[in-house]
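I have placed the structure first, in the form of structure tokens, so that the comments after it can refer back to it.
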Amino acid sequence: MTALVSGAGPLIAEARGMDRRGFVGVCGGALACAAISGCASVMVRPVTAIDGRVSLALNEHPELARPDGAVAIQVAGMSDPLLVLHAGERRYVVLSPICTHRGCTVEVAGDRLECPCHGSQYTREGVVIEGPAERALQRFAATVSGQSLVIDLRGTP
Ligand code: FES
198 MTALVSGAGP LIAEARGMDR RGFVGVCGGA LACAAISGCA SVMVRPVTAI
248 DGRVSLALNE HPELARPDGA VAIQVAGMSD PLLVLHAGER RYVVLSPICT
298 HRGCTVEVAG DRLECPCHGS QYTREGVVIE GPAERALQRF AATVSGQSLV
348 IDLRGTP
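At position 81 of the sequence shown the residue is numbered 278 (our numbering), and the sequence of numbers has no breaks.
This is the structure in structure tokens:
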């Protein structure tokens, strides 16, 4: 399991296209930042999709029961993790955390998502509150089925 480290957005954006040695250095810097500053983080959990869908057992993700709760999942085969956010009683929002301005990784900050690169802010539904980003975050359909959250990776709801 790895951590989606607060403050790592610009580092991750810069790391794309970088060689392995450079990437390891950037990651080490991000982890050191987290250790030193005590930055908040959302743990990234690996998951597997079957037929374009991911099924999350809600009882295995107690963070999602809290109004400000969120988890990040890394779907095998996808390049970036997804954010799963509590959005109400048995309601959840699944978003790409990739900022639509220039591709940094947004961070969960209470009732909003913030981009550390140039300050864009989004609601927990992915709607832009403050630019420079102009477009909403990519959203994935998510429905509760019994005790599981089923995420459809094939499109926007
Ligand atoms: S990349 Fe997010 S505000 Fe610029």
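Note that CB positions come from ideal geometry on N, CA and C, so glycine has one too.
Inter-residue Cα distance where the pair is C312 and V239: 15 Å
Chain-order list of residues whose beta-carbon lies under 6 Å from that of V347 (same chain, five-residue window excluded): R250, S252, T340
Touching by the beta-carbon criterion (3+ pairs, under 8 Å), the stretch 293-305 and the stretch 253-261: no
Cβ-based neighbour list, E322, same chain, cut-off 6 Å, excluding 5 preceding and 5 following: V290
Closest residue to V241 among R351, A267, R309 (Cα-Cα distance): A267
Shell residues, 5 Å Cβ cut-off relative to heavy atoms of the ligand FES: C296, H298, R299, C301, C312, C314, H315, S317
Unbroken beta strand (DSSP E) run spanning R288, endpoints: 288-292
Closer than 8 Å to chain B by CB, V324: Of the chains in the structure shown, none is chain B; there is only one protein chain.
Burial state of E257 (16 or more Cβ within 10 Å): exposed
A330, buried or exposed, once every other Cβ within 10 Å from all chains shown has been counted against 16: buried
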